[in-house]
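Single-structure report; data block below.
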Amino acid sequence: MNHCFCKYCGQKTLSISALTSGSCPRHPDGPSKGRHALYEGSEKTRYQCILCGQTAGSISGLTSATCHRHPNGPGKGRHQPAL
Ligand SMILES: [Zn+2]
Ligand SMILES: [Zn+2]
Numbered sequence: 790m791n792h793c794f795c796k797y798c799g800q801k802t803l804s805i806s807a808l809t810s811g812s813c814p815r816h817p818d819g820p821s822k823g824r825h826a827l828y829e830g831s832e833k834t835r836y837q838c839i840l841c842g843q844t845a846g847s848i849s850g851l852t853s854a855t856c857h858r859h860p861n862g863p864g865k866g867r868h869q870p871a872l
């Protein structure tokens, strides 16, 4: 069974509807300013930031930190997991 992950916070659910019905604490517009969004890549053992190349063992670990190459400016947003 494939799990669904939020690309912002790494929240794991069993269905897309369960995922996108909840508000996301790491939404780019601000904490709980929007809903979880589906991470469309496959489940991996390492996730890499598409912007700076930083890796982490989970989406939540990667997106817990801000990215120094974020398009909004250094540290103005979180790492974004590559697909
Ligand atoms: Zn989320
Ligand atoms: Zn990054």
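When we follow this note's numbering, the leftmost residue of the sequence shown carries the number 790, and every step to the right adds one. Yeah, the Cβ is synthetic: ideal placement off N, Cα and C, and Gly gets one too.
- In this structure, DSSP gives serine 812 an extended state, which the three-state scheme calls strand.
- Contact between glycine 846 and leucine 872 is ruled out by a C-beta separation of about 17 Å, above the 8 Å threshold.
- Between serine 804 and the set Gly819, His825, Asp818, the nearest pair of CA atoms involves His825.
- Put simply, of Pro860, Arg858, Asn861, Ser853 the residue whose alpha carbon is nearest the alpha carbon of cysteine 795 is Ser853.
- Looking at the DSSP output, glutamine 837 shares a beta bridge with Thr844.
- With fewer than 16 neighbouring CB atoms inside 10 Å of its own CB, histidine 792 falls in the exposed class.
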